[in-house]
Amino acid sequence: RAGEATVGWPTALPITNGATFSIAQSGVAVPTEVTFRMLTQEPSDMQAVASALIANGCQGQLDILVESQPELSPGG
600 RAGEATVGWP TALPITNGAT FSIAQSGVAV PTEVTFRMLT QEPSDMQAVA
650 SALIANGCQG QLDILVESQP ELSPGG
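For our numbering, count along the sequence shown from 1 and bump the result up by 599.
As structure tokens, this is what we get:
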């Protein structure tokens, strides 16, 4: 719904490892493509999160993590 930060996920579209979905919203010209990766265990700290992102080819998410966590940056 308009103004909400989250929406429910349709049960008819199960999220599985490697599943890719195109998500469109009104007012946005180009849909966003999202690929899900499942982790075998929850990362214990930020270094483990970074390692999981690297192992799964999640470069965009890794970049955001590094920008938001200065201690992960080279020389940080």
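Every residue, glycine too, gets a C-beta built ideally from N, C-alpha and C.
Alpha-carbon to alpha-carbon, residue 629 and residue 604 = 19 Å
query = Helix, strand or coil: how does DSSP classify residue 629 here?
reply = coil
Note to self: Need the endpoints of the alpha helix (DSSP H) that residue 650 sits in, please.
What the structure shows: 645-654
- request: Would you kindly report the start and end of the unbroken alpha helix (DSSP H) that includes residue 663?
  value: 658-667
* Asked: How far does the beta strand (DSSP E) with residue 620 in it reach, from first residue to last?
  -> 619-622
Do you know offhand how far residue 607's Cα is from residue 653's?
28 Å
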